[in-house]
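K.L.:
So that you can map any letter, position 152 of the sequence shown is 152 in UniProt numbering, and since no number is skipped, the others follow by simple counting. Let me begin by handing over the structure; questions about it come next.
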Amino acid sequence: MRDAHRQISSSSSSSGFDTSALRFNEEPFEQCYEIAEELGNGQFAVVRRVIHRLSGEQFAAKFIKKRRYATSRRGVTRCNIEREIDVLRAVGGYEYTIKLFEVYETASDVILVLELVSGGELFDYVSAKECLGEAEAAAFIQQILFAIKHLHDNHIVHLDIKPENVMLRKRGESKIKLIDFGLSRRILPGTVVKDMIGTPEFVAPEVVNYEPLSSATDMWALGVVTYILLSGGSPFLGETRDETFVNISAVNYHFSERYFEHISPYAKDFISHLFVRDQRKRATVDECLKHPWIRGVRPLSSLIVF
């Protein structure tokens, strides 16, 4: 969760989940866990490493600041917190998605006790290298696709796919976990969900134009991630948010010769099938997994992550 990539404000639209039966642990959190260093933070949440006092096992605890009054703009609404918890219960713990263990509540926060992944953000890994080679980039994208497929098979759309929300499981490993389901929605067939949410440079045209969202919205964001991994640059980022939105709505991007001269036609074709204005014609997760650029991925064991 980085301040550098501010999210668009979210309205409290219907979650699609039944949260009536949710119960949180109200025991004093610090009696059960020792709170250690901060791992990350966002506008209304802080993630810290915690140690279970009895077992010594380590976890990541996400402290979400609750909205105290209905008219307040500070904190997260109860509805949105419960939606994130239900998404995690539905799809968390899969090989490529973060696992939720338990939930605590205090007067000011809801605390999610999550699986600890210690390898750092994919964002930091790419930033350190500026860009990745095709084989390594394709291997990361394949794993993100596996995570997205798990979500979409359960009618859940992440809506904030970006390198900051992809974590390396451990230092020196190439395996990833998709995290941060705070903006996720369950979108069932036949339902219409509209919302101005996401991180500006990663959002799809339907977000910019306040059109119905769908699983295709995640696929556009995956195209942005792929472009960034291969080039180190962001395809639609402008000088201002408005300029970024104009570029997205017009699908205004190009493969700069400076960065894409040695990138294969397969990789460019993969991206081009994701940067499609019409959601119905945008590549699906299953189509992406069958794409030649992804089918040719080498086993992760043959890739070295420094």
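Note that beta-carbon positions come from the ideal geometry of N, C-alpha and C, so glycine has one too. Everything numeric in this text was worked out from a predicted model, so none of it was measured.
#1: Does the separation of the CB atoms of V285 and V251 fall below 9 Å?
#2: Based on Cα-Cα distance, which residue from A137, E102, I51, I228 lies nearest to K175?
#3: If you run the structure through DSSP and keep just helix, strand and coil, what is I141?
#4: Count the other CB atoms within 10 Å of the CB of A21; is the residue buried (16 or more) or exposed (fewer)?
#5: Please state whether DSSP places Q279 in a helix, a strand or coil.
#6: Secondary structure at I294, three-state DSSP: helix, strand or coil?
#7: Please name the residue, chosen from Y69, I271, T199, that lies closest to T244 on a Cα-to-Cα basis.
#8: Determine the direct distance from the alpha carbon of Y210 to that of V203, and round the result to whole angstroms.
#9: On the criterion of 16 or more Cβ atoms from any shown chain inside 10 Å, does K281 qualify as buried, or is it exposed?
#10: Hey, A61 and L100: beta-carbon distance below 9 Å or not?
#11: Report the rounded CA-to-CA distance for D124 versus E164, giving the unit in angstroms.
#12: Return helix, strand or coil for N252, following the three-state DSSP convention.
#13: Within this structure, are the beta carbons of N25 and V103 separated by less than 9 Å?
#14: So within the stretch 60-133, which uninterrupted alpha helix (DSSP H) runs reach at least 4 residues, ignoring any that extend past its ends?
#15: Below 6 Å CB to CB, which residues in the same chain sit around F44 once its five sequence neighbours on both sides are set aside?
#16: Apart from the five residues just before and just after G120, which ones in its own chain have a Cβ nearer than 8 Å to its Cβ?
#17: So, under 8 Å CB-CB, H158 and I148 are touching, yes? Tell me the CB distance rounded to an integer number of Å.
#18: Per DSSP, A45 is paired with what?
#19: If you drop the 5 nearest sequence neighbours on each side, which residues of the same chain put their C-beta closer than 6 Å to that of V47?
#20: With H, G and I counted as helix, E and B as strand and the rest as coil, what does DSSP make of I148?
#21: Report all residues from its chain with a CB closer than 8 Å to the CB of V117; omit the five preceding and five following residues, and keep chain order.
#22: Within this structure, are the beta carbons of R241 and R83 separated by less than 9 Å?
#23: The beta strand (DSSP E) spanning K177 covers which residue range?
#24: Just grab the DSSP bridge partners of G233 for me.
P.N.:
In this structure, then:
#1: No. Outside cutoff.
#2: A137
#3: helix
#4: Confidence at A21 is low in this model, with a pLDDT of 48, below 50, so its placement is unreliable and the value that follows should be read with caution. Under a 10 Å Cβ-count criterion, A21 is classified as exposed, with fewer than 16 other Cβ atoms of the shown protein chains found around its own Cβ.
#5: helix
#6: helix
#7: Considering only alpha carbons, the answer is T199.
#8: 11 Å
#9: exposed
#10: Between A61 and L100, the C-beta gap is not smaller than 9 Å, which leaves the two residues out of contact.
#11: 8 Å
#12: coil
#13: yes
#14: 78-91, 122-129
#15: Here the set comprises K65, G75, V76.
#16: M167, L168, R171
#17: H158 to I148, Cβ: 7 Å. Contact.
#18: Note: A45 sits in a beta bridge opposite I64.
#19: Sequence-distant Cβ neighbours of V47 in its own chain, meaning closer than 6 Å and more than five residues away, are L39, G40, A60, K62.
#20: helix
#21: A60, I98, M167, L168, R169, K170, K177, I179
#22: no
#23: Run containing K177: 176-178, per the beta strand (DSSP E) assignment.
#24: In the DSSP output, where bridge partners are listed per residue, G233 has none listed.
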